[in-house]
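According to UniProt numbering, the sequence shown is numbered sequentially starting from 1. Here the structure comes first, spelled out in structure tokens, and everything after it is commentary.
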Amino acid sequence: MTPPPDDRHSQFLRLYVAHEEALLGFVRTLVPSRDDAREVMQEVAVVLWQRFEELHDASGFRPWAFGVAKFKALAWIRDRRRDRLVFDEDVLALLAEEVTEQADAYEQERRALEHCVGKLEPAQRKLLDAAYAPGARIDALAAQAGRSPMSFYKALHRIRLALMNCTQRVLAEEQWS
Numbered sequence: 001m002t003p004p005p006d007d008r009h010s011q012f013l014r015l016y017v018a019h020e021e022a023l024l025g026f027v028r029t030l031v032p033s034r035d036d037a038r039e040v041m042q043e044v045a046v047v048l049w050q051r052f053e054e055l056h057d058a059s060g061f062r063p064w065a066f067g068v069a070k071f072k073a074l075a076w077i078r079d080r081r082r083d084r085l086v087f088d089e090d091v092l093a094l095l096a097e098e099v100t101e102q103a104d105a106y107e108q109e110r111r112a113l114e115h116c117v118g119k120l121e122p123a124q125r126k127l128l129d130a131a132y133a134p135g136a137r138i139d140a141l142a143a144q145a146g147r148s149p150m151s152f153y154k155a156l157h158r159i160r161l162a163l164m165n166c167t168q169r170v171l172a173e174e175q176w177s
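Here it is as structure tokens:
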């Protein structure tokens, strides 16, 4: 029995939002830029919604969505074949296969990193956010903070190491629980 349209819409939105970040990451590995990935993702969302009634088991949403995303990304690339920066379809198929196989692991790593970033001291978080802001320049950030660029780099390096260690610990704990 097909759920009423409002329930179907709600179910779709819940599933799409739960997997959107992983889908975007997947598409991002196949196309040259973030803007291109967002363009492809718009097409993916439309197709997923249009064909949502074909999905009979919600637990199969992720692999189904990844399949749609793969085909949409490949179609986007095929349409832009004239661009010399686009990978050959065989290379893209290999990348897509690898990313699909690793998607769950990447998602676990992303969640672990997000958890660890949340545990940073406010000053460390501020430094990290500033360093990874679009267009950020370490020399300018260091000058704003009244530090030398080298001390800024060292502080950022220590934060990165702490995040790496924390992420590895969280992943190891999840593996044994």
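Beta carbons are placed, not taken as given, at the ideal position from N, Cα and C, and that holds for glycine.
Check                                                                                                                                                       : Outcome
Name the two residues that bound the continuous alpha helix (DSSP H) containing residue 38.                                                                 : 34-50
Residues in the same chain with beta-carbon distance under 8 Å from residue 19, minus the five sequence neighbours each way, listed in chain order, please. : 61, 62 and 65
Among 128, 104 and 71, which residue has its Cα nearest to the Cα of residue 93?                                                                            : 71
Is residue 163 closer than 8 Å to residue 113 when the C-beta atoms are compared?                                                                           : yes
So for residue 56, helix, strand or coil by DSSP?                                                                                                           : coil
Secondary structure at residue 148, three-state DSSP: helix, strand or coil?                                                                                : coil
For residue 133, name the three-state secondary structure that DSSP assigns.                                                                                : coil
Just reading off the alpha helix (DSSP H) that residue 98 is part of, what are its end residues?                                                            : 89-118
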